[in-house]
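One structure is given below, encoded as structure tokens.
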Amino acid sequence: MPVKIMAYYNSKQALISTGYAFSECEWDIIQNRTQKKSKMFDSSKDSNDSDIVLSTLRAGLDEVMQRADNAVEFLTKRGTPFQASDIKTEYENGHYANGDLIYLSKCNEAYLARLDDIKASAKTVKQYRGIYNSMAAYYEGLSKRNDRDKLRLVQIDAKFLRDYQEYLTNKGDSQATVSAHFRYIKALFNYAIQKEAIPKEAYPFGRGDDKVTIQGVRRTKKALTKKELETLLNYRGHLLKRQLRNFDLAILSFLLNGANMIDIAKLTYGQNYDKNSNCITFIRQKSYRTTDNIVPITVHVTDAIRTMIKLYGNEDKPENYIFNILKKDSPLPPEEQVANTVRAIGKTLKCVAKKCGVRTDISYQFFRHTHATLSIKDAGASLYDIKVTMGHSSAKTTEAYISSLPDDDDKVSNMKANLLNGIYSKD
């Protein structure tokens, strides 16, 4: 006779096949109801062998029951109504193997581990970890009995999210921050649903009274005007030696088509600098993670860039970084070294801007955005041209880098040369 588990819930039952089958006598032996011998044991085997067979069968049946218990526990903790037939489905499909993902804390850990596997940036991982800690702290603050590790995803419904949004807003967070929080929570829900840890019906995002819509925030990147950039450049001769490097690295981003500092830092002589064509070619680090359509960026090495290499470059060897930003013997990872450099640049720029009477909210990123703005407004480049030079996969991304709203590289190069007005050829 086949051995089946009867799942009984809400006056309904479902029979679950275990894959085992025994005679009534054999079942009694397994259940210790009788000491009779059975044909299930070969007569040539001694009692020790019989005990081993029995122990193995009992362990297998215990495992089957544990599997059924796990299925029930998974459905119960998931927090949504279920029937006896659902217990059978969960037992057979083994979805409860991802049962821990019903908790926000466990889902967050699993998702961050996945990001680590695909080499996501340390900055992104840090941001997501901060978002989780914020929501977990909010949940714990609702009641002394609340444990952050026990917050289930199914508890995070539309009302919970709206209340959380109000909490963030009252704290002084911007709509952009709220949207960033919601996007990550949305990613966690999608991950848990993909792993079949929670039902699709638990998804709280979308349209309708019982859903939440993530408000998009269109941000125009900040850029310097031509006059502001000229003012800063003219002040360069008054900078202290320790300020000069930070200032020049910001200008270098402008010269390298608005390259991010991590991209500048990882340039090497062997991989990126072609002296025959007198060009530096690279791919944005971000492109590897965000798009399948990777666009290489090529920059003509001007006199100003050559001067930068002379001032802040490493020895010309194929394996060496072009610029002396990353230290290979540093205990800090590259992302952290770059973050420290960007902070130092920002501090110097604010100091210089204050003395020059230029806007004091200036940061290193302004110079990246200024490349796009001045290339179009002063050099006459097209939006498509700038999209290519900045390595963007979409023109919409490029539009965000242009404040308010050159058919060829020569126009852009000439515009930059005129702005610099020989400043770097003097060094």
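Per full-length UniProt numbering, residue 1 is the first one in the sequence shown, and the count goes up by one each step. Here a beta-carbon is modelled for each residue, glycine too, at the ideal position from N, C-alpha and C. Here the structure is a predicted model, which is why all the values come from computation and not from measurement.
Secondary structure at residue 67: helix, using DSSP grouped into helix, strand and coil. In chain order, 128, 187, 188, 191 place their CB closer than 8 Å to the CB of residue 111, counting only its own chain and leaving out the 5 sequence neighbours on each side. For residue 175, the uninterrupted alpha helix (DSSP H) run begins and ends at 175–194, by DSSP.
Between residue 324 and residue 341, the alpha-carbon positions lie close to 11 Å from each other.
Distance between residue 313 and residue 209, taken at the CA atoms: about 58 Å. DSSP, reduced to helix, strand and coil, places residue 199 outside both helices and strands of the structure shown, so it counts as coil. Residue 17 is bridged by DSSP to 4.
Here DSSP, grouped into helix, strand and coil, assigns residue 82 to coil. According to DSSP, residue pairing for residue 12 in a beta bridge involves 9.
Straight-line measurement puts the Cα of residue 206 at about 11 Å from the Cα of residue 215. Around the CB of residue 213, fewer than 16 other CB atoms lie within 10 Å, so the residue is classed as exposed.
Burial check for residue 166: the Cβ neighbour count within 10 Å stays below 16, so the residue is exposed.
In this structure, the beta-carbon distance from residue 72 to residue 87 falls below 8 Å. Of the candidates 148, 357, 257, the residue whose Cα lies closest to the Cα of residue 230 is 357. The beta carbon of residue 265 sits closer than 6 Å to the beta carbons of 325, 326, 338 from its chain, once the five residues preceding and following it are set aside; these are given in chain order.
Beta-bridge pairing by DSSP links residue 29 to no other residue. Per DSSP, residue 423 is not a residue of any beta strand (DSSP E), being assigned neither H nor E. Contact check for residue 201 and residue 80: beta-carbon distance about 7 Å, within the 8 Å limit, so the pair qualifies.
Distance check between residue 245 and each of 295, 114, 272, 345 places 345 closest, using alpha-carbon atoms only. One thing to note: residue 223 has its Cβ within 8 Å of the Cβ of residue 373. Under DSSP, residue 205 forms a beta bridge with 212.
The alpha-carbon of residue 348 is positioned some 21 Å away from that of residue 305. Measuring C-alpha to C-alpha distances from residue 423 to each of 195, 302, 270 identifies 302 as the nearest. The Cβ atoms of residue 152 and residue 140 lie no closer than 8 Å to each other. Exposed is the label assigned to residue 276, since fewer than 16 other Cβ atoms lie within 10 Å of its Cβ.
Annotated three-state conformation of residue 373 is helix, per DSSP.
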